[in-house]
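As numbered in the numbering used here, residues 332 to 726 make up the sequence shown, in order. A virtual CB, placed ideally from N, CA and C, is assigned to each residue, including glycine. Okay, structure first, notes after.
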Amino acid sequence: MPAQTTEAEVGFDPGFPGVIEMRAAVLREPGRPVSTETVLLAPPRRGEVLVRVAAAGVCHSDVHLADGALGPGRWPMVLGHEGAGVVAAVGEDVIDVAVGDHVAFCFVPSCGACRPCRAGRRTLCETAARNGVAGMLMDGSSRLRGADGGVLQHGLMVACFAEYAVVPAAGAVSLPASIPLWQAALLGCGVVTGIGAVNRAGVRVGASVCVIGCGGVGLHVIAGAHLAGAGMIVAVDTDEDKLELAARRGATHTVVSGSGDDVVEQVLAFSDGGVEHAFEVVGRPATMRQAWDVLRPGGVATVVGLAPVGVEVSLPAIDFLSEKTITGTYYGSSDVHAALGQLVQLVVDGRLDLGDVVSYLIGLDDVEAALERLRRGQGARSVVVIDEELAGVAA
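Written out as structure tokens, the structure reads:
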């Protein structure tokens with residue numbers, strides 16, 4: 332069980348003016364279904380923003396949190412880290428967003444002062460990592476309480492499976508109002524992670540690419556490879572419906588994993604001996620090994636998928652003589668604020684479709700069912716519509 336947190340540590344006074352009573356999807360403990368509860372949310376403090384949530388995407392990271400696969404003590408928690416909404420209030424010293432602005436959430440609100448931030452590797456911010464794992468905001472405290480008075484963690488420093496969210500100012504990125512918020516909800520995780528991984532890998536015009544795992548993030552890896560001008564994009568997944576989406580996103584070849592035919596053999600045959608870039612977007616040792624095995628000499632495998640704590644992968648050491656490389660990426664390995672600005676422009680210009688990866692529009696009470704679909708590998712993204720009018724669903 333996580334240690335009890337005192338009132339002073341969380342800085343939360345339930346009687347303080349501005350405390351909001353709202354509905355939220357709460358993880359009480361792993362193995363217990365996520366449930367919708369009435370919770371309390373304190374107003375934003377200095378450098379923080381209150382956002383009225385319009386919509387939120389359900390990501391595989393939420394599954395890992397719900398299943399307790401990312402380490403002990405990460406509960407009780409309000410889940411949700413991929414979403415969008417409208418700024419309802421701002422704390423002192425907030426200058427980048429104002430009340431009424433449409434925003435997408437960024438779950439690594441980098442501090443700008445630690446060693447990784449100073450080196451330009453803002454997704455590896457030490458302050459954000461420390462507090463994100465603890466389920467607290469950047470000052471180390473929570474704005475959330477359960478109806479029983481117990482402290483609730485902020486899922487990946489966002490907690491947007493809720494009617495409102497308080498986030499650090501750097502965790503709210505302005506958007507043009509022309510993008511429907513049910514689609515914009517995907518920008519802050521799936522889109523920036525998938526397309527950012529392609530940018531980190533340096534995919535060039537004419538390159539051969541294999542993407543293993545065509546869920547919400549994998550489909551954006553495919554979109555990124557297509558935008559980069561890849562000549563061949565092989566999509567691999569167990570679900571034929573997702574492979575159809577992959578083809579619409581730019582995949583030139585598709586492989587049904589688990590069909591009885593060896594995935595690696597098929598990809599090697601398509602690519603005349605191996606691809607230059609492979610992206611693993613599942614988070615399993617077997618698929619990481621596949622990403623390695625489909626490479627040609629000198630190729631690069633980029634692991635995007637999130638694996639549970641303690642999972643290890645083994646590779647044949649002799650293959651290093653062929654100058655293959657395997658690397659990781661976190662959250663697109665980019666300056667998320669700058670990257671989101673570029674991605675928004677692609678959407679505005681009609682070069683990037685956000686809505687086509689959405690398989691289900693659901694309500695807050697349906698989060699557990701969406702998590703179960705992800706566990707089964709069914710469908711791409713589910714989007715939780717918190718406020719239909721604000722999200723632009725009717726339009």
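Option in the options with minimal Cα separation from residue i
{"i": "R377", "options": "F436, F492 and V498", "result": "V498"}
{"i": "P374", "options": "D570, E423, A532 and S645", "result": "E423"}
{"i": "K305", "options": "D696, D393 and V688", "result": "What the structure shows of the chain is the stretch from 332 to 726, and residue 305 is not part of that stretch, so it cannot be assessed."}
{"i": "G641", "options": "V382, G399, A387 and V389", "result": "G399"}
{"i": "M467", "options": "R363, L483 and A528", "result": "L483"}
{"i": "A387", "options": "A622, L512 and V370", "result": "L512"}
{"i": "L695", "options": "F492, R363, A450 and L371", "result": "F492"}
Status (buried if at least 16 other CB within 10 Å, exposed otherwise) for residue i
{"i": "L671", "result": "buried"}
{"i": "T658", "result": "exposed"}
{"i": "F651", "result": "exposed"}
{"i": "P407", "result": "buried"}
{"i": "R580", "result": "buried"}
{"i": "E596", "result": "exposed"}
{"i": "G723", "result": "buried"}
{"i": "P403", "result": "exposed"}
Counterpart residues of residue i in DSSP-defined beta bridges
{"i": "Y691", "result": "S713"}
{"i": "T569", "result": "For T569, which the question treats as bridged, DSSP gives no partner whatsoever."}
{"i": "A387", "result": "G414 and V715"}
Contacts around residue i, its chain only, beta-carbon distance under 6 Å, and the 5 residues preceding and following it disregarded
{"i": "I526", "result": "H551 and G555"}
{"i": "E307", "result": "Given that the chain is displayed from residue 332 to residue 726, the structure contains no residue 307 and the question cannot be resolved."}
{"i": "P361", "result": "D398 and G399"}
{"i": "L683", "result": "L677"}
{"i": "G546", "result": "A711"}
{"i": "L455", "result": "P447"}
{"i": "M488", "result": "F438 and G463"}
Residue i to residue j span [Cα, whole Å]
{"i": "L626", "j": "V542", "result": "12 Å"}
{"i": "A600", "j": "V380", "result": "52 Å"}
{"i": "A725", "j": "A459", "result": "36 Å"}
{"i": "E720", "j": "S690", "result": "20 Å"}
{"i": "E699", "j": "V598", "result": "35 Å"}
{"i": "G589", "j": "I693", "result": "29 Å"}
{"i": "A501", "j": "P440", "result": "5 Å"}
{"i": "E654", "j": "V464", "result": "35 Å"}
{"i": "L396", "j": "A415", "result": "20 Å"}
{"i": "V565", "j": "E611", "result": "12 Å"}
{"i": "E703", "j": "G477", "result": "24 Å"}
{"i": "L528", "j": "G663", "result": "With the sequence shown as reference, residue 528 is identified as Ala, and Leu is not the correct amino acid for it. Roughly 5 Å separates the two Cα atoms."}
Beta-carbon contacts of residue i that lie in its chain and below 7 Å, excluding the five residues immediately before and after
{"i": "V678", "result": "I510 and L685"}
{"i": "V534", "result": "V540, A556, A559, A561 and H608"}
{"i": "A503", "result": "V380, V382, V418, V428, V434 and F436"}
Nonlocal neighbours in the same chain, by C-beta distance under 8 Å from residue i, ignoring five residues either side
{"i": "D570", "result": "C545, G708, Q709 and G710"}
{"i": "A701", "result": "V389, Y691, I693, S713 and V715"}
Contact test: residue i Cβ vs the ligand ADP heavy atom, cutoff 8 Å
{"i": "G546", "result": "As presented, the structure is devoid of all ligands, the ligand ADP included, so that no description of it is given."}
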